[in-house]
Amino acid sequence: MAVEQTTAFDPRTNSREDPRFLSSVERGLSVLEALSDSSGPMSLTEIARITGLAVPTLQRLTATLVQAGYLEKEADSKRYCPTVKTVDLLFSYLSRNQFAKRAWPHLVKLREDLGLDVSLAVPSGTSMIYVHRLPGYAGNFENTLPGKKIPIHLSASGRCVLSLENVGKVEGFLNSAVLEPLTPWSIVDPETILSEIAKCREIGYAVVKQEDASGTISLACPVTKTFKAVAGISVHAPVAGLDILDFVSKVLPSVVAVSNALSET
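Written as structure tokens, this is what we have:
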């Protein structure tokens, strides 16, 4: 069962050169992506600000998505939000993805052995998306949901992926992107992030402390295919009262074992 070949900055996420490419479909998907990144329902003006699309265009797109069952419009506020039908897309992906199926029992055992949150995340453009997230303690509800998207440079699994990417490509991304923090502890200085990625490249794992979620520390190892990182296996724990060296010594051998089991040469 092959590891899915999806890497950071995957051209499938941003190429418009294919003659079969339909910009109208892309615009509709950009509406869904804007809503998926939002913490709540959005107005047309808010969607326009994020997507760069004109309001008249958005009126047609949202009307189509409402009729198709993927969006609903709140009667009182006139704001839009995704419907339960979008969950079916996640089910379709997870139920048919052989890599996700193969990883599941390893993650279940990892959680049982460590008693902590464990996750499998894959790169999508400049983000990491949780394919699996198994809760092992009473943490934040949203942090336990599959499908959650995190900036690639702020997550432990993302830094593992970046550590095996072309250095020049990573530098170009960090120096040109707007690096927004998720928490007060998020590192957004490109040179500091590059230093953390280089450290991960040297030692084979990454540790992130409260950069992608307040109150949480994460350790991740890459899952590789032909020397490219295609996913990250992470363990997450409450940071309060935690000794980082003890945490690393406790969880690292188990995480390395799972990453080795899922990797392909």
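Numbering (numbering that gives the first Met the number 0), first residue to last: 0 to 264.
Ideal placement from N, C-alpha and C gives every residue a C-beta, glycine not left out.
### Task
Could you check the C-alpha separation between Thr-223 and Phe-20 for me, to the nearest Å?
30 Å
### Task
With DSSP as the reference, label Glu-45 as helix, strand or coil.
helix
### Task
Look at Ala-120 and Val-107 and say whether their C-beta atoms are less than 8 Å apart.
no
### Message
According to DSSP, Tyr-129 sits in a beta bridge with which residue or residues?
### Response
Ala-120
### Query
Counting pairs of Cβ atoms below 8 Å between the segment 245-254 and the segment 182-198, do you hit three or more?
no
### Query
For Gly-231, which of helix, strand or coil comes out of DSSP?
strand
### Task
May I ask you to report which of helix, strand or coil DSSP gives Pro-55?
helix
### Message
By the three-class DSSP mapping on this structure, what secondary structure does Tyr-79 have?
### Response
strand
### Message
Can you list, in chain order, the residues of its chain with a C-beta nearer than 7 Å to that of Gly-68? Leave out the 5 residues immediately preceding and following it.
### Response
Thr-82, Lys-84
### Task
Could you check which residue in Ser-123, Val-238, Val-229, Ala-236 has the C-alpha nearest to that of Ser-262?
Val-229
### Task
From the DSSP output, in three-state form, read off Glu-263 for me.
strand
### Task
With a 10 Å radius around its C-beta and 16 neighbouring C-beta atoms as the bar for buried, classify Gly-203 as buried or exposed.
exposed
### Message
According to DSSP, simplified to helix, strand and coil, what is Glu-32?
### Response
helix
### Task
Using the Cα positions of Ala-219 and Glu-190, report the straight-line distance between them to the nearest angstrom.
21 Å
### Query
Pick from Leu-153, Val-86, Asp-188: whose alpha carbon is nearest that of Ser-126?
Leu-153
### Message
In whole angstroms, give me the CA-to-CA distance for Thr-225 and Cys-159.
### Response
15 Å
#### Entry: Residue burial classification, Tyr-136 (beta-carbon count within 10 angstroms, cutoff 16)
exposed
### Message
Tell me the DSSP secondary structure of Pro-183 in three-state form.
### Response
coil
### Query
Is the Cβ-Cβ distance between Ser-253 and Ser-118 less than 8 Å?
no
### Query
With distances taken from CA atoms, which of Leu-133, Glu-179, Thr-50, Arg-101 is nearest Glu-111?
Leu-133
### Task
Quick one: residues in its chain with C-beta nearer than 8 Å to the C-beta of Lys-72, no 5 flanking neighbours on either side, listed in chain order?
Thr-61, Val-65, Arg-78, Tyr-79
### Task
Have a look at Pro-237 and Asp-211 and give me their C-alpha separation to the nearest angstrom.
13 Å
### Query
If Val-54 and Leu-70 are in contact, beta carbons under 8 Å, what's the gap, nearest whole angstrom?
At roughly 16 Å, the Cβ-Cβ gap does not stay under 8 Å, so Val-54 and Leu-70 are not in contact.
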